[in-house]
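For the sequence shown, our numbering assigns the number 1277 to the initial residue and increments by one for each residue that follows. We treat Cβ as the ideally placed atom computed from N, Cα and C, and that holds for glycine. In this text, all values refer to a predicted model and were calculated from it rather than measured experimentally. Some notes on the structure that comes next.
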Amino acid sequence: FSPKSRLLSSSAPLFRLFHCCFHFLSLLWPWLQSQAKFCRTLLLICNLYILEYNKGAARMNICSRRNPGRFYYTAIFVIFLLLVSCSHASSAGKGMSTMRPAPYTLTPEQIKTFRRDGVIVVRGLLQGQELDDAIRAAKRIQRSRSLSQRILYPLFPSYRSLEFQTWRKHKAMERVAFDSAAPTICAGLMGLECNEGASGSTSGAANRPVRLLKDAFLGYSFGDRGCGFHVDDRFFWPCEDRNIGREDAGVNVWITLSPVSAADGGGLAVVPRTHKMRFAKNARKVIAEKGPMTTCILETLRPDCHEKMESMKKVYDLQPGDAIIHDRYIFHRAQEFNDPIVGKKAGTKHRISLRYVPADATFYNFNNSERAVEEKQLSTGDPICKGGEYYPQTWPCSLAEERSQTRRMKSDNSLFSLQSVFKRILRKKQAKLRG
């Protein structure tokens, strides 16, 4: 034997052990092929190793002494596994590229109510394992607040927790945003289902897909100020105001992960029909004139508008998984706890806010706060779909190439870092001096 052959011969038992282990991996763990990319790579390496071992073993007659056909049978089997691995990885990618959100059939009454009031309630939007996973993710987010949030909270107690784009970091939140019925419902309410039924079950594709603009996780506790009656400003909703009053302006899906009631407070108050009312237009105008620092203080800017909204507001009794779905321009606010004792015992109420828009909605660049401005050269007036994975498609199907980029995406500029807070305070003082 050559030195190489003697080495292989002396280590043949070890090679046989590896041989058996890799066969075990290939046979017992086929599900690895549908998992992360590194798992599929591991499986391919295992198969390639088995093939290379058998070549060396055949040269030294390790296998052929006792069973001359063993090498050929094993080689055929390994080649078969390689083909299955490649085809399965390919089919897994294709399957994900056409992954549809859960179906949901809107009733004529729901559509009529949304067109008139701009608000509907959907009971049990999240259920079972999907809801349990979202609640666990919410608790993790609550525990992992950044140092700057913990420092600033006593000074600016608006929300106990406020975290954006949680779908990028937490699989449970990603499944809620992409795979729940929320995108299907929003497509139906915005009138985008021109080629599909309301359930989204037919094979035709709609002309105008739905994209996720932004999500937010909020934790609201007794003593938190929340935000007064408002519509989301351009930091929270970075789109141009071109479709006010139209059905395709955008939809906000507010999902509670905690039980809330109108009697106790801690939920969400909405003001129906304010997406089309004249006094609400005046309220939006006065907030816009003063800048984004005044988004939450309508009571100070226009007490008359605030009082009218207080008289018109609706607050709902909700269970975990229930959702308030409202038009992008509906005024809303966090409903304070009505009783201090009950509020303190209730702890922190968790909720998710998902913002969906048509793919052709136009972007607004607010102080370069969105990472897509830098990474995708996105500027004011560009369609949201140009942002790609930063504003991913959710309906009629999500796209594998966008969802797979989650871990590589750079985070947006934080609203609650110490640096950004000091900058906002400085700008506010400079505005007062100029005024």
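Item to complete: For the beta strand (DSSP E) containing Val1562, list its first residue and its last residue.
Response: Residue mapping note: residue 1562 aligns to position 286 of the sequence shown, counting from 1. From DSSP, Val1562 is part of no beta strand (DSSP E) but of the alpha helix (DSSP H) over Arg1554 to Lys1566.
Discussion item. Beta-carbon within less than 7 Å of Val1562's beta-carbon, same chain only, minus the 5 sequence neighbours each way: which residues are those?
Written reply: The residue given as residue 1562 occupies position 286 in the sequence shown. Answer for Val1562: Leu1577 and Arg1578, listed in chain order.
Discussion item. Please return the same chain residues whose Cβ sits closer than 8 Å to the Cβ of Leu1382, not counting the five positions on each side in sequence.
Written reply: Counted from its first residue, the sequence shown places residue 1382 at position 106. Excluding sequence neighbours, Leu1382 sits near Ile1461, Gly1464, Leu1465 and Ala1474.
Worksheet entry | Ser1629, DSSP secondary structure in three states | Working through the sequence shown from its first residue, we reach residue 1629 at position 353. DSSP places Ser1629 in strand when its eight states are reduced to three.
Worksheet item: In three-state DSSP terms, what is Phe1512?
Response: Your numbering for residue 1512 matches position 236 in the sequence shown. Coil.
Worksheet item: Can you name the start and end residues of the alpha helix (DSSP H) that Lys1584 belongs to?
Response: If you number the sequence shown from 1, residue 1584 lands on position 308. Counting along the chain, the alpha helix (DSSP H) containing Lys1584 begins and ends at Pro1579 to Met1588.
Worksheet entry | Bridge partner(s) assigned by DSSP for Cys1532 | Taking the first residue of the sequence shown as 1, we reach residue 1532 at position 256. Contrary to the premise, residue 1532 reads as Thr rather than Cys in this sequence. The partner list for Thr1532 (beta bridge, DSSP) reads Arg1627.
Discussion item. For the stretch 1525 to 1534 against the stretch 1628 to 1635, do three or more pairs of beta-carbon atoms, one drawn from each stretch, fall closer than 8 Å, so that the two count as touching?
Written reply: yes
Worksheet item: According to the neighbour-count rule (16 or more other Cβ atoms, all chains shown, within 10 Å of its Cβ), is Lys1415 buried or exposed?
Response: To locate residue 1415, count along the sequence shown from 1; it is residue 139. Exposed, by the Cβ-count rule.
Worksheet item: For Thr1670, which of helix, strand or coil comes out of DSSP?
Response: Your numbering for residue 1670 matches position 394 in the sequence shown. Residue state, collapsed to three classes: strand.
Worksheet entry | Close Cβ partners of Phe1642 (< 6 Å) along its chain, the five nearest in sequence each way excluded | Residue mapping note: residue 1642 aligns to position 366 of the sequence shown, counting from 1. Excluding sequence neighbours, Phe1642 sits near Arg1510, Phe1511 and Pro1514.
Discussion item. Rounded to the nearest angstrom, what separates Pro1377 and Arg1451 at their Cα positions?
Written reply: Translated into positions along the sequence shown, residue 1377 becomes position 101. Translated into positions along the sequence shown, residue 1451 becomes position 175. Between Pro1377 and Arg1451, the C-alpha separation is close to 9 Å.
Discussion item. Can you find the residues in the same chain that come closer than 8 Å, C-beta to C-beta, to Asp1491, ignoring five residues on each side of it along the sequence?
Written reply: Residue 1491 sits at position 215 when you count from the first residue of the sequence shown. These residues qualify, in order along the chain: Phe1440, Gln1441, Thr1442, Trp1443, Met1449, Ala1453, Ile1628, Ser1629, Leu1630 and Arg1631.
Fill in: Meets three-Cβ-pair contact criterion under 8 Å: the stretch 1584 to 1604 and the stretch 1537 to 1553
With the cut-off at 8 Å, the stretch 1584 to 1604 and the stretch 1537 to 1553 touch.
Worksheet item: Alpha carbon to alpha carbon, what distance is there between Ala1457 and Lys1370?
Response: Residue mapping note: residue 1370 aligns to position 94 of the sequence shown, counting from 1. Residue mapping note: residue 1457 aligns to position 181 of the sequence shown, counting from 1. For Lys1370, the pLDDT reaches just 43, beneath the cut-off of 50, and the residue's location in the model is therefore unreliable, leaving the point undetermined.
Item to complete: Over the uninterrupted alpha helix (DSSP H) stretch that includes Leu1494, give me the two end residues.
Response: For the purposes of this step, residue 1494 is identified with residue 218 of the sequence shown, where counting begins at 1. Per DSSP, Leu1494 is not a residue of any alpha helix (DSSP H); the beta strand (DSSP E) it occupies stretches across Val1486 to Tyr1496.
Practice prompt. Report the three-state DSSP secondary structure of Arg1220 (helix, strand or coil).
Written response: One cannot answer for residue 1220 here, as it falls past the ends of the chain, which runs 1277 to 1711.
Worksheet entry | Counterpart residues of Met1375 in DSSP-defined beta bridges | Position 99 of the sequence shown, counted from the first residue, corresponds to residue 1375. Answer is Ser1674, bridged to Met1375.
Worksheet item: How long is the line joining the alpha carbons of Val1395 and Val1546, rounded to whole angstroms?
Response: What you label residue 1395 is simply residue 119 of the sequence shown in a count that begins at 1. What you label residue 1546 is simply residue 270 of the sequence shown in a count that begins at 1. Cα to Cα, Val1395 sits roughly 8 Å from Val1546.
Fill in: Glu1665, enclosing beta strand (DSSP E) - first and last residue
As a position in the sequence shown, residue 1665 is number 389, starting the count at 1. Here Glu1665 belongs to no beta strand (DSSP E), and DSSP marks it neither H nor E.
Discussion item. What does DSSP give as the partner residue(s) for Val1618 in the beta ladder?
Written reply: The count along the sequence shown starts at 1 and reaches residue 1618 at position 342. Val1618 is not bridged to any residue.
Worksheet item: Between the stretch 1485 to 1503 and the stretch 1608 to 1623, do at least 3 Cβ pairs fall closer than 8 Å?
Response: yes
Worksheet item: With distances taken between CB atoms, is the gap from Gly1663 to Leu1654 smaller than 8 Å?
Response: Translated into positions along the sequence shown, residue 1663 becomes position 387. Translated into positions along the sequence shown, residue 1654 becomes position 378. Going by C-beta atoms, Gly1663 is nearer than 8 Å to Leu1654.
Practice prompt. In the DSSP assignment, find the unbroken beta strand (DSSP E) run with Ala1599 in it and report its ends.
Written response: As a position in the sequence shown, residue 1599 is number 323, starting the count at 1. Note, Ala1599: beta strand (DSSP E), Ala1599 to Asp1603.
Discussion item. For Asp1409 and Lys1621, I'd like the C-alpha separation in whole angstroms.
Written reply: As a first step, residue 1409 is located in the sequence shown; it is residue number 133 there, counting from the start. As a first step, residue 1621 is located in the sequence shown; it is residue number 345 there, counting from the start. If you take the alpha carbons of Asp1409 and Lys1621, they lie about 24 Å apart.
Item to complete: For Ser1537, I'd like the list of residues in its chain whose CB is within less than 7 Å of its CB, leaving aside the five on either flank, ordered along the chain.
Response: For the purposes of this step, residue 1537 is taken as the residue at position 261 of the sequence shown. Same-chain partners within the cutoff: Asp1593.
Practice prompt. Could you spell out the range, first to last residue, of the beta strand (DSSP E) harbouring Glu1646?
Written response: On the sequence shown, position 370 is the one that residue 1646 refers to. Here Glu1646 belongs to no beta strand (DSSP E), and DSSP marks it neither H nor E.
Fill in: Nearest-angstrom Cα separation, counted from Ser1587 out to Pro1616
Within the sequence shown, the letter at position 340 stands for residue 1616. Within the sequence shown, the letter at position 311 stands for residue 1587. Roughly 23 Å between the two C-alpha positions.
Fill in: Cut-off 6 Å between Cβ atoms - residues of its own chain near Ala1599, not counting five sequence neighbours on either side
Mapped onto the sequence shown, residue 1599 falls at position 323. If you ignore the 5 residues before and after Ala1599, its C-beta comes within less than 6 Å of the C-beta of Val1398, Leu1401, Val1529 and Ile1531, all in its own chain and listed in chain order.
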